[in-house]
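> If you want our numbering, it's the 1-based position in the sequence shown plus 487.
Built from N, CA and C at the ideal position, the CB exists for glycine as well.
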Amino acid sequence: MPLASPWRVSPPGTRFVAPDAPMHHKYGHQWFSTEGNPLDPERIQTAREAFDGLMNDVVHREGFADAHDRIAFVGVSQGAIVALDAVASGRWKVGALVAFSGLLPPQPVSPASKSTPVLLVHGENDTTIPPMASRLAAAQLATAGFKVELDVEQGAGHTISSTGAQKALSFLKKILLWPKLDSGRNVLLP
Numbered sequence: 488m489p490l491a492s493p494w495r496v497s498p499p500g501t502r503f504v505a506p507d508a509p510m511h512h513k514y515g516h517q518w519f520s521t522e523g524n525p526l527d528p529e530r531i532q533t534a535r536e537a538f539d540g541l542m543n544d545v546v547h548r549e550g551f552a553d554a555h556d557r558i559a560f561v562g563v564s565q566g567a568i569v570a571l572d573a574v575a576s577g578r579w580k581v582g583a584l585v586a587f588s589g590l591l592p593p594q595p596v597s598p599a600s601k602s603t604p605v606l607l608v609h610g611e612n613d614t615t616i617p618p619m620a621s622r623l624a625a626a627q628l629a630t631a632g633f634k635v636e637l638d639v640e641q642g643a644g645h646t647i648s649s650t651g652a653q654k655a656l657s658f659l660k661k662i663l664l665w666p667k668l669d670s671g672r673n674v675l676l677p
């Protein structure tokens, strides 16, 4: 995982978990198929069930079932989409959410998880998911009462730049108070 190794030395006591998305793809794994209509309600429900099941398994296995405030979701592309959906729908209230190159499916945003701080990082030159998607997500989340930071990076595409990775690390340190750790944090990278 490109983020976990460099971050591991910075926040002592942090555990990184990067579960594979459940669907196989010729380039690895995916949370949902992009063929046809990915916004079909049945497909969204299937992706939600897969995400929730996998995250619940990881959270329980890692011993954070009663400590969601010590969990950060960090997602890229489809991982960002399912993590944003999980928080925006009110299904998950976690300590922080970082979404790289993602989008928020068109849906009402529930204020149930509005205490979860959100950082959206998107490349201005992203041709896979245009940066307008993160701008819209930021507006939707802010309207529902979320504290949202948006960083649209000049010259970056559909990737995690070193600048974006550093911005995310700083955000997580600030939000999760990593310098004051006494019992570890869990970062889930969907």
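So for D527, helix, strand or coil by DSSP?
Residue state, collapsed to three classes: coil.
> Give the range of the beta strand (DSSP E) segment to which G550 is assigned.
No beta strand (DSSP E) holds G550; DSSP gives it neither H nor E.
> Please return the same chain residues whose Cβ sits closer than 8 angstroms to the Cβ of H645, not counting the five positions on each side in sequence.
So the list reads S564, S588, G610, D613, T614, T615, I616, once near-sequence residues are dropped.
> From this set, Q532, H555, D553, which residue's C-alpha is nearest D572's C-alpha?
Nearest C-alpha to D572: Q532.
> Just tell me which of F538, V608, A586 has its CA closest to the CA of W579.
When only C-alpha atoms are compared, the closest one is F538.
> Does DSSP put I559 in a helix, a strand or coil?
One point to set straight first is that residue 559 is Ala, not Ile, in the sequence displayed. Strand.
> For a minimum of 3 consecutive residues, which ranges assigned as the beta strand (DSSP E) are wholly contained in the segment 623-653?
The segment 623-653 contains these whole beta strand (DSSP E) runs: 635-640.
> How many whole angstroms separate the CB atoms of L606 and F658, which I take to be in contact at a CB cut-off of 8 angstroms?
Rounded, the Cβ-Cβ distance is 4 angstroms, consistent with contact.
> Suppose you measure from the CA of P525 to the CA of S649; what does that come to, to the nearest Å?
Those two C-alpha atoms are separated by around 30 angstroms.
> Mind checking which residues open and close the alpha helix (DSSP H) that includes G566?
Taken as a continuous stretch (DSSP letters only), the alpha helix (DSSP H) holding G566 covers 565-575.
> Determine, using beta carbons only, whether A567 and A586 come nearer to each other than 9 angstroms.
Yes, the Cβ-Cβ distance between A567 and A586 is below 9 angstroms.
> With which residues is L607 paired in a DSSP beta bridge?
Paired residue(s): A586, L637.
> Whose C-beta lies closer than 6 angstroms to the C-beta of M510 among residues of the same chain, with five residues either side of it excluded?
Taken in chain order, the residues that qualify are Q517.
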